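Respectively, the protein sequence lines represent chains A and B.
Numbering of the first sequence is given in the working numbering, commencing with residue 24 and proceeding in unit increments.
Numbering of the second sequence is given in the working numbering, commencing with residue 18 and proceeding in unit increments.
Below is one structure, written out as structure tokens, with a few remarks after it.
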Amino acid sequence: MRLEIGIIKIEDVQFGEETTVRNGTLYVNKNELIALVRQDNRLSEADVELARPGEEVRIIPVKDVIEPRVKVNGSGELFPGIIGKMGTVGSGRTNVLRGAVLVTVGRIIGYQEGLIDMSGPAAEYSPFSQTNNVALILHPVDGLAPHAHEEAVRLAGLRAAVYLGKACKDVAPDELEVYELSPVTDTTLPRVAYVHPLLSEGLLHDTYLYGVDAKKILPSLIHPNEVMDGAIVSGNCVSACDKHTTYHHLNNPVIKELYRRHGKDLNFIGVVISNLNVTLADKERSSDYASKLVKLIGAEGAIITEEGFGNPDTDLMMLCKKVEEYGIKTVMITDEYAGRDGGSQSLADAVPQADAVISVGNANEVIALPPMKRIIGDLKPAEVIAGGFVGCLTTDGGLNIEIQAIMGSTCQLGFGNLTARGY
Amino acid sequence: MAEKKYRVVHYLNQFYAGIGGEEKANIPPMIKEGAVGPGKPLQQALGEEGEIVATVVCGDSYFAENIEAAAESVVEPVSPYKPDVFVAGPAFNAGRYGIACGAACSAVSKKLGIPVVTAMYKENPALELYRKEVYIIPTANSVRGMAEAIPKMASFARKLGLRQEVGLPEEEGYFPRGLRVNQFVSRTGAERAVDMLLSKLRGEPFQTEYPMPTFERVPPSPVVKELHSATIALVTTGGIVPLGNPDRIEAASASKFAEYNIAGVYDLTPDAYQT
């Protein structure tokens, strides 16, 4: 499986008569995009606003962030089984608008969306402060049930990203990245697998693999290229800081890093997809099955990531323990919930085998954010989003809020540069 | 003469202050000018920059009777000396003295807003009580460790007195306080994860970024024999509140709790309850 990612660099985003890319600027036909998403009559209103790095703009509440892409050739279509035609993705050529993202905005559950600040202290905590953002603000019809509302917003976001992505189908890329697991002849290189559990708690905390609800899957093998080419889509409303947005799935940094070192320091042998269900029986079943797959494919080492916190901490520990019990060495990536003073126990579970942990930071750290000149969306939900609290909104529109509320601030795929140290 | 850069007040118990032994353990706080007992080598170690302007002395038993009141009563005589830093002990393995040092430091830190430090042996029961709020330097388990403890306390007191930044416990030599503090580093989490896995696979040393806590085994309580007359508490993290969440309990990092009467409630339905 050989995947070429054609990177079209986007440095600016503007409204225009036609949705197209010209000289590094993405032009968006606002009315056409609105008409496209309003085809789903579960949405009563849609609007589009633009935000660029450095602007004094706050986008809130954010549900998902998606990178606009298009399959130029190769089997399958973007987001197969949901938007695109079914087919195995991960080969051929996919063009990407790198530096632009589609952001879905609008209150769903209210307490588990997040915010993106395009400047100020929050900016270094989110990758989406450095991208050119097309914000799609969506309102449901009255009385729409929450799961239908989530689905409508999810599909609208994916459709919008596909629509924008088409603008670069025939554009010559600025850079080409090639992803191919070439055979490794050096047998001294350790065989490394990546265990990738997807959040699947239900109640609007779901992920989709080729359109299948991850709650319903048994752990399985997947080629890393499939992950990078849109096989996994976020459908969840978990805390903003450690949610894997669809963007994070498409740009999985563990996969990228393992690829970078494949054939040099290690032999990247594959990815095991698992899930993060809420019942004990499901946790035992999935961790048993996933660890067995890691052993079956002959891994000597494995990286294990996590999505969400609390309940899935147990899955993370079960996976670690069981993989280690097969004699396979593990490293896990997790964030921490050590309280605002940093003095509480960071994780809800622990096993002695978890001796190699990468921490991506304490999500409860409180940060003071200044007011922004422009709000895309609505500032009021700040008091109820996870990480916010009554009184966190100051009278001038500033926020004293946990970094838990910032999109991607403690992403447990290890996307960012935040860590926590013990003092 | 060089100008003193910071003022220190030192806390000692009745024994180290030379007032007496166990028979004097009940004395209430008293202030003496300058350095006393172990404060003298401490002053020497502080050199020209720091000055022990006063020593506050208190009996270990006086403290043990009412820790909070005793701690507060230490603050009052200390305050007029306007210290930049407060140093207590070293307490070595003496439990009552360790608790007094920890409590005095805690009260001074809260009331006067100045940095504080004490020192004791790792098994002193005061360590677990105060390590989170007070810097505590490790010492030997008895007064034989005094010569080793004094320079460590002096250099730490100097750092605090000069308002210098305090680094990681392993760099600065204090007991880890159990506080997690965020910082940005040059490599991403994914890069660090692959680095760490390769080290682990190669048998090279590596340092986990989060050491797992260890738990004691707690013996379960004895069986409740008469269930029908027992008061039973059902504990759930379901986050169930009355519809509308009238007390606005936060969905994460809740800062409060509330009580709701469920007499006669046999089912939780969406018309009256939510999560």
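We put the CB at the ideal spot given by N, CA and C, even for glycine.
Quantities reported herein were computed from a predicted structural model and do not represent experimental measurements.
Worksheet item: Closer than 8 Å, Cβ to any Cβ of chain B: which residues of the stretch 260-282 of chain A, in chain order?
Response: Ser262, Pro276, Val277, Lys279, Glu280, Leu281
Fill in: CB contact check: Thr211 of chain A to chain B, cutoff 8 Å
no
Worksheet item: Under a CB-based cut-off of 8 Å, is Gln368 of chain A close to chain B?
Response: yes
Worksheet item: Less than 8 Å separating the beta-carbons of Gly384 of chain A and Thr442 of chain A?
Response: yes
Discussion item. Could you check whether Pro393 of chain A and Ala254 of chain A sit closer than 8 Å to each other, using their CB atoms as the reference points?
Written reply: no
Worksheet item: According to a CB-to-CB cut-off of less than 8 Å, which residues of the stretch 376-406 of chain A neighbour chain B?
Response: Ala377, Asp378, Ala379, Val380, Ile381, Ser382, Val383, Gly384, Asn385, Asn387, Glu388
Worksheet entry | Paired residues, beta bridge with Tyr28 of chain B - DSSP | B:Val73, B:Ala105
Worksheet item: Around the C-beta of Asn173 of chain A, are 16 or more other C-beta atoms found within 10 angstroms, so that it is buried, or is it exposed?
Response: Position check: residue 173 of chain A holds Glu in this sequence, whereas Asn was assumed. Per the 10 Å Cβ criterion, buried.
Fill in: Glu425 of chain A - containing beta strand (DSSP E), residue span
422-425
Worksheet item: Given that Leu260 of chain B touches chain C, what residues does it touch there, using C-beta distances under 9 Å?
Response: As a matter of chain content, chain C is missing from the structure shown, whose protein chains are A and B.
Discussion item. My assumption, with CB atoms under 8 Å, is that Ile89 of chain A sits in contact with Thr269 of chain A. Please give the rounded CB distance.
Written reply: Ile89 of chain A to Thr269 of chain A, Cβ: 4 Å. Contact.
Worksheet item: Could one say the Cβ of Ala313 of chain A lies closer than 8 Å to chain B's Cβ atoms, at least one of them?
Response: no
Worksheet item: Got a sec: is the Cβ-Cβ distance from Ile160 of chain A to anything in chain B below 8 Å?
Response: no
Worksheet entry | Span of the alpha helix (DSSP H) around Phe192 of chain B | Element bounds for Phe192 of chain B: n/a, residue is neither H nor E.
Worksheet item: Per DSSP, which one or two residues make a beta bridge with Ile399 of chain A?
Response: Partner(s): A:Ile82.
Item to complete: Please report the Cβ distance between Ile83 of chain A and Leu138 of chain A, rounded to the nearest whole angstrom; I am assuming they are in contact, meaning their Cβ atoms lie under 8 Å.
Response: 4 Å
Item to complete: Taking only beta-carbon positions, decide if Phe412 of chain A is within less than 8 Å of chain B.
Response: At a cut-off of 8 Å between C-beta atoms, Phe412 of chain A counts as an interface residue with respect to chain B.
Fill in: Rounded C-alpha distance that separates Ile240 of chain A from Gly333 of chain A
21 Å
Worksheet item: What do you reckon, are the CB atoms on Asp338 of chain A and Asp265 of chain A nearer than 8 Å?
Response: no
Worksheet entry | Reference Tyr312 of chain A, options A:Ser382, A:His219, A:Lys396, closest by Cα | A:His219
Worksheet entry | Where Asn141 of chain B meets chain A, residues with beta-carbon distance less than 9 Å | The contacting residues do not exist; Asn141 of chain B stays about 20 Å from chain A at best.
Fill in: Euclidean distance between Cα positions of Glu374 of chain A and Met340 of chain A
Note on residue identity: the sequence assigns Val, not Glu, to residue 374 of chain A. Rounded to whole angstroms, Val374 of chain A to Met340 of chain A spans 6 Å at the Cα level.
Fill in: Contacts of Asn440 of chain A in chain B (Cβ-Cβ under 8 Å)
Phe201, Val202, Ser203, Arg204, Thr205, Gly206
Item to complete: Pair every Cβ in the stretch 290-310 of chain A with every Cβ in the stretch 216-227 of chain B, then say whether three or more of these pairs are closer than 8 Å.
Response: no
Worksheet item: For chain B, is any of its Cβ atoms less than 8 Å away from the one on Lys238 of chain A?
Response: No, Lys238 of chain A does not count as interfacial toward chain B.
Worksheet item: How far does the beta strand (DSSP E) with Met47 of chain B in it reach, from first residue to last?
Response: 47-50
Item to complete: Please check if any C-beta of chain B sits within less than 8 Å of the C-beta of Glu348 of chain A.
Response: Not one chain B Cβ lies under 8 Å of Glu348 of chain A.
Practice prompt. Check whether the Cβ atoms of Glu330 of chain A and Gln435 of chain A lie closer than 8 Å to each other.
Written response: yes
Discussion item. Only counting the same chain, and skipping five residues up and downstream in sequence, which positions put a Cβ closer than 7 Å to that of Ala247 of chain B?
Written reply: Val241
Worksheet item: Quick one: what's Val258 of chain B bridged to in DSSP?
Response: B:Gln291
Worksheet item: Near Asp229 of chain A, which residues of its chain fall below 8 Å by C-beta distance, leaving aside the five closest residues on each side in sequence?
Response: Leu222, Ser223, Asp236, Ala237, Lys238, Gly258, Asn259
Worksheet item: Span of the beta strand (DSSP E) holding Gln326 of chain B?
Response: Because chain B spans 18 through 292 in this model, residue 326 of chain B falls outside it and cannot be assessed.
Worksheet item: Beta-carbon of Arg284 of chain A versus every beta-carbon of chain B: anything under 8 Å?
Response: Judged by the 8 Å Cβ criterion, Arg284 of chain A is in contact with chain B.
Fill in: Whether Arg265 of chain B touches Val413 of chain A by CB criterion (8 Å)
yes
Worksheet item: When Cβ atoms are compared, which residues of the stretch 332-356 of chain A fall closer than 7 Å to chain B?
Response: Using a CB distance below 7 Å, the part of the stretch 332-356 of chain A facing chain B consists of Lys352, Val354, Ile356, ordered along the chain.
Worksheet entry | 7 Å CB neighbourhood of Lys344 of chain A in its chain, flanking five on each side removed | Val374, Gln376
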